[in-house]
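Residue 643 is where the sequence shown starts when you use our numbering, and the numbers rise one by one after that.
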Amino acid sequence: MNERFSMFIEYIKRKKFYFLALLVVVVGAGLFIYFRWFYDRSDHNQPVANESKQKAGSVVSFEGTVEIRPAGVDDFLPTTANQMLYVGDSIRTAKSSNIVLLLDLEVVVLDQESEVVIKTTDNSNDTIEQNYGKTYSSVEKKENQKYIVTKNGVEVIAIGTEFLIDIPKDSEVINGYAFKSSISFKHSKGGFDVAELNKTSLSLKTLEHTDSPMSDGEKELNKPYLALLGKSAQIIAAKKQAIKAKSGQAASSTGVASSTGSAASGSSGGSGGSSRDSSIQGRYSNDSIEDIVNALALIKDDALGDFTEPGGGGPPGGVYHYPPIDLDNLYTGVRGGRLYIKWTLGGTIPSSRQTIDDNIIESVTYNLKFSTEVDPNSSNNCGGTTAFMQINIQYHANGQIWYNPWFNAVCNNSGPYGTEDDWSFATTGNGLAHTYNSGIGKDSIVYSYSMADLGNFFNAGDTLKIDIYSEAESNNWGHYSFESNPPHWSNYVISGI
Ligand SMILES: [Ca+2]
Ligand SMILES: [Ca+2]
Ligand SMILES: [Ca+2]
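Spelled out as structure tokens, the structure:
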């Protein structure tokens, strides 16, 4: 043993240069590995590098104690202002705390003592798993881009709506409240819808549910969330604008690249097995509301072929007789707190951008002016217009087609006005196009507005004075085609249906 050891020492003495060199290499490699590891930890501050994670959104604002556990990390860490969020992140709030998140274009408020996990976010779905507590979601998604709240395999699917999901901790119950439009529940045994201003309570054990209209008290449950959204409105608007600007660029470059295809692949990537053209954008729902549409009351049976001259902005030889602009009949009705409008038309709303002779049709537009005034013609308030409702369908050069149903309500200033642009309204907002059996590719158009959004300026059954006109814009003419319907401000009854 001793002999062996002394032989070894002898050996080292003879070959010491080589041993020194080996030592330098081993220690150097060790140091390199250590510093590399240290660099990865300290510089990125995330065990999983952010570049490999999928971005899901960001923190808008928070109050109190809110913590986020990044995907792949064991511990919850304090939230920071403007923190980026990634798929797999968990977010939880302590007592008397809340946080407002923006996930793509959806605004989500976590109430106190709540926890969610961001499950997916891509072109077709944003999904959050709600472990417990309350979330209030304000959703902008199109129908083929769903926002889903899940719990134990139950899915709550939102399409252009605002809703509250309440899952009391350690309970086996999901309570859902639809404040705007409807929400759909799906589970292993089927599913059901909860209509606007209705609520449901679903047992996670039995999957039985009980539904009812919200009580007056429950209708106030959204107030604290709306207040939080209001406080952060500017930040939300700025963040959304940035997201839209970004996706708009991406979409237009994709659209141009594939403009020879009838259905540009675009950015929306439809899912769910429908055959819908993914280039259709804007505010619309493809859900069937045929029971409502079929119940609408005919309020005007217009003639066909009766185009009119707008008195400006048209071709010198007169407007073109473009059939999709020719109003045939107008149907309306109020149900479930929404005003529904249907026009039937003299022709099919085109399903792609049309060029007729040397005119590219850039939009078709249908307008309704409502008046609650005794004599709108002599009114000094917004030309007698109490509220203005318009839906336009815009055909973009990149192949995208946009539904834009919007409104101005209620006139809140008086003339004299320089131009109509000086009219002022208390609010402006959006409606929803219903495309199940109408709209692009059909010879009718259906859309709706929340009566509350409109400021409840009339009640179902009221007689209103209405003025109507329709127009198509081409690259050459603001009024490529036009129809208005004298006499202006005719009386119509908007019924409850
Ligand atoms: Ca007509
Ligand atoms: Ca007719
Ligand atoms: Ca007419």
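Each residue gets a CB set at the ideal place from its N, CA and C atoms; glycine is no exception. What you are looking at is a predicted structure, and each value in this text was computed from that prediction instead of being measured.
Top-ranked residue by Cα proximity to residue 703, from 727, 1044, 1118, 695: Numbered from its first residue, the sequence shown carries residue 703 at position 61. Nearest option by C-alpha distance: 727.
Neighbour flag for residue 982 against chain C, beta carbons, 9 Å: In the structure shown, chain C cannot be found, because there is only a single protein chain.
Beta-bridge partners of residue 962, as assigned by DSSP: Along the sequence shown, one-based indexing puts residue 962 at 320. BP columns for residue 962 are empty, so no partner.
Bounding residues of the alpha helix (DSSP H) (the contiguous stretch that carries residue 1039): For this step, residue 1039 is matched to residue 397 along the sequence shown. Segment: none, residue 1039 is in no alpha helix (DSSP H) and carries neither H nor E.
Residue 819 vs residue 805 beta-carbon contact at 9 Å: Locating residue 819 in the sequence shown gives position 177, counting from the first residue. Locating residue 805 in the sequence shown gives position 163, counting from the first residue. Closer than 9 Å, so yes.
Backbone CA spacing between residue 1037 and residue 923 [nearest angstrom]: Translated into the one-based positions of the sequence shown, residue 1037 becomes position 395. Translated into the one-based positions of the sequence shown, residue 923 becomes position 281. The straight-line gap from Cα to Cα measures roughly 10 Å.
Reduced DSSP category for residue 705 - H, G, I as helix; E, B as strand; rest coil: Numbered from 1 along the sequence shown, position 63 holds the residue referred to as residue 705. Residue state, collapsed to three classes: strand.
Own chain residues within Cβ distance below 7 Å of residue 940, not counting five before or after: Translated into the one-based positions of the sequence shown, residue 940 becomes position 298. If we look at residue 940 and ignore the five residues flanking it on each side, its Cβ neighbours are 971, 973.
Exposure label - residue 1135; buried when at least 16 CB within 10 Å: On the sequence shown, residue 1135 is found 493 positions in, with the first residue counted as 1. Classification of residue 1135: exposed, given that the 10 Å Cβ count is below 16.
Short Cβ contact (9 Å threshold) for residue 872 with residue 1121: As a first step, residue 872 must be located in the sequence shown, where it is residue number 230. As a first step, residue 1121 must be located in the sequence shown, where it is residue number 479. Their beta carbons are not under 9 Å apart, which means residue 872 does not touch residue 1121 by this criterion.
Under 9 Å between C-beta atoms of residue 1096 and residue 1049: In the sequence shown, the residue the question calls residue 1096 occupies position 454. In the sequence shown, the residue the question calls residue 1049 occupies position 407. Cβ atoms of residue 1096 and residue 1049: closer than 9 Å.
Opening and closing residue of the beta strand (DSSP E) in which residue 1111 lies: Translated into positions along the sequence shown, residue 1111 becomes position 469. Note, residue 1111: beta strand (DSSP E), 1105-1116.
Proximal residues to residue 915 (C-beta, below 8 Å), its chain only, five neighbours per side dropped: For the purposes of this step, residue 915 is taken as residue 273 along the sequence shown, with counting starting at 1. Caution is warranted here: a pLDDT of 31 is assigned to residue 915, below 50, making its placement in the model unreliable, and the coordinate value is therefore given only provisionally. No residues qualify anywhere along the chain.
Neighbouring residues (CB closer than 5 Å to any heavy atom of ligand 1): 944, 948, 968, 969
CA-to-CA distance, residue 1041 to residue 698, given in whole angstroms: Within the sequence shown, the letter at position 56 stands for residue 698. Within the sequence shown, the letter at position 399 stands for residue 1041. Their Cα atoms are separated by approximately 27 Å.
The alpha helix (DSSP H) enclosing residue 872, as first and last residue numbers: Taking the sequence shown and counting its residues from 1, the one referred to as residue 872 is at position 230. Unbroken alpha helix (DSSP H) run through residue 872: 865-873.
Simplified DSSP state of residue 923, which is helix, strand or coil: One-based indexing of the sequence shown puts residue 923 at position 281. Reduced to three states, the DSSP call for residue 923 is strand.
N- and C-terminal bounds of the beta strand (DSSP E) containing residue 757: As a first step, residue 757 must be located in the sequence shown, where it is residue number 115. First-last of the beta strand (DSSP E) with residue 757: 757-763.
Reduced DSSP secondary structure (H/G/I, E/B, other) of residue 1081: Within the sequence shown, the letter at position 439 stands for residue 1081. Of the three classes helix, strand and coil, the one that applies to residue 1081 here is coil, per DSSP.
Residue environment, residue 840, which counts as buried when at least 16 other CB atoms sit within 10 Å: As a first step, residue 840 is located in the sequence shown; it is residue number 198 there, counting from the start. It is buried - the Cβ of residue 840 has at least 16 other Cβ atoms within 10 Å.
Three-way DSSP call (helix, strand, coil) for residue 822 in this model: Sequence index remark: in the sequence shown, residue 822 carries index 180 (1-based). If DSSP states are grouped into helix, strand and coil, residue 822 belongs with the strands.
Coarse secondary structure for residue 899, derived from DSSP in three states: As a working note, residue 899 is residue 257 in the sequence shown. At residue 899, the pLDDT of 27 sits below 50, so the modelled position is not reliable; the number obtained from the coordinates is stated separately. Three-state DSSP puts residue 899 in a helix.
C-alpha distance - residue 994 paired with residue 1117, whole-angstrom precision: The residue you call residue 994 lines up with position 352 of the sequence shown. The residue you call residue 1117 lines up with position 475 of the sequence shown. Their Cα atoms are separated by approximately 15 Å.
Beta-carbon separation (whole angstroms), residue 1076 vs residue 1059, contact threshold 8 Å: What you label residue 1076 is simply residue 434 of the sequence shown in a count that begins at 1. What you label residue 1059 is simply residue 417 of the sequence shown in a count that begins at 1. Between residue 1059 and residue 1076 the Cβ distance is about 34 Å, and since that is not below 8 Å, they are no contact.
Heavy atom of ligand 2 within 8 Å of residue 950 beta-carbon: For the purposes of this step, residue 950 is taken as residue 308 along the sequence shown, with counting starting at 1. Residue 950 Cβ: outside cutoff for every heavy atom of ligand 2.
CB contact flag (residue 773, residue 753, <9 Å): On the sequence shown, position 131 is the one that residue 773 refers to. On the sequence shown, position 111 is the one that residue 753 refers to. Contact flag unset, no.
Where residue 680 falls: helix, strand or coil (DSSP): Within the sequence shown, the letter at position 38 stands for residue 680. Reliability fails at residue 680, whose pLDDT of 48 lies under 50, so the model's placement of it is uncertain and the value that follows must be treated cautiously. It is helical.
Rounded C-alpha distance that separates residue 1094 from residue 1067: Start at 1 with the first residue of the sequence shown, and residue 1094 comes out as number 452. Start at 1 with the first residue of the sequence shown, and residue 1067 comes out as number 425. Looking at the two C-alpha atoms, the distance is approximately 15 Å.
Counterpart residues of residue 1024 in DSSP-defined beta bridges: In the sequence shown, counting from the first residue as 1, residue 1024 sits at position 382. Note: residue 1024 sits in no beta bridge, so no partner.
Cβ distance (whole Å) where residue 779 is taken to contact residue 750 below 8 Å: Within the sequence shown, residue 779 is the residue found at index 137, counting from 1. Within the sequence shown, residue 750 is the residue found at index 108, counting from 1. The pair is a contact, with the Cβ atoms about 5 Å apart (cut-off 8 Å).
Any non-hydrogen atom of ligand 3 within 8 Å of residue 1125 CB: If you number the sequence shown from 1, residue 1125 lands on position 483. For ligand 3, at least one heavy atom lies less than 8 Å from the Cβ of residue 1125.
Length of the line joining the Cα atoms of residue 978 and residue 723: In the sequence shown, residue 978 corresponds to position 336, counting from 1. In the sequence shown, residue 723 corresponds to position 81, counting from 1. One C-alpha to the other measures close to 40 Å.
DSSP state of residue 936 mapped onto helix, strand, coil: As a working note, residue 936 is residue 294 in the sequence shown. Note: residue 936 maps to helix in three-state DSSP.
Closest residue to residue 933 among 982, 860, 712 (Cα-Cα distance): Your numbering for residue 933 matches position 291 in the sequence shown. Per the Cα distances, 982.
CA nearest to the CA of residue 1018, picked from 815, 998, 852, 1133: Here the question's residue 1018 lines up with position 376 in the sequence shown. Comparing Cα-Cα distances from residue 1018 to each of 815, 998, 852, 1133, the minimum goes to 1133.
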